[in-house]
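Numbering (my numbering), first residue to last: 5 to 129.
Right, dumping it as structure tokens:
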């Protein structure tokens, strides 16, 4: 069994319309998501490599999963916050907090996805 290198290893983003949310995130980050069905849950999984650094996760449409702008906020690393916010808006998202300087920690921004979730972007540039 591998040693846990980081305590956070998985995230789930609640969605109402998996097809719409999958299209939004694929356009936003330029990566394919893989649809998997488990019992009553439908998920669109971000690609992952077992044992590789980073955190894996998925979009989830399932009973008890409700999109929200309050609660835990997931930060995605991106090379260009402004370009990513523009893509989000072009594909049905909304900017909630524009690119904000946080000194030695870089920059962040918050956006709302097509499902009503608050998510965030981070970059050092």
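For each residue, glycine too, the CB sits at the ideal point set by N, CA and C.
Can you list, in chain order, the residues of its chain with a C-beta nearer than 8 Å to that of residue i? Leave out the 5 residues immediately preceding and following it.
i, result
"residue 73", "100, 116, 120, 121 and 122"
"residue 111", "85, 103, 104, 105, 126, 127, 128 and 129"
"residue 21", "65, 118 and 119"
"residue 46", "22, 39, 40, 64, 65 and 66"
"residue 5", "At residue 5 the pLDDT is 47, less than 50, meaning the model places this residue with poor confidence; the figure from the coordinates comes in the next sentence. Closer than 8 Å at Cβ, skipping near neighbours: no residue."
"residue 13", "59 and 60"
Would you kindly report the start and end of the unbroken beta strand (DSSP E) that includes residue i?
i, result
"residue 101", "98-105"
"residue 127", "122-127"
Among the residues of its own chain, which have a CB less than 6 Å from the CB of residue i, if the five just before and after it don't count?
i, result
"residue 95", "28 and 31"
"residue 26", "37 and 48"
"residue 98", "116"
"residue 88", "82 and 125"
Could you check how far apart the C-beta atoms of residue i and residue j are, in whole angstroms? I think they sit under 8 Å.
i, j, result
"residue 127", "residue 82", "6 Å"
"residue 71", "residue 18", "5 Å"
Taking 7 Å as the limit between beta carbons, can you name the residues of its chain near residue i, skipping five residues before and five after?
i, result
"residue 49", "37, 38, 40 and 62"
"residue 15", "59, 61 and 78"
Sort out for me which residues DSSP pairs residue i with in a bridge.
i, result
"residue 45", "42"
"residue 116", "98 and 122"
"residue 72", "In the DSSP output, where bridge partners are listed per residue, residue 72 has none listed."
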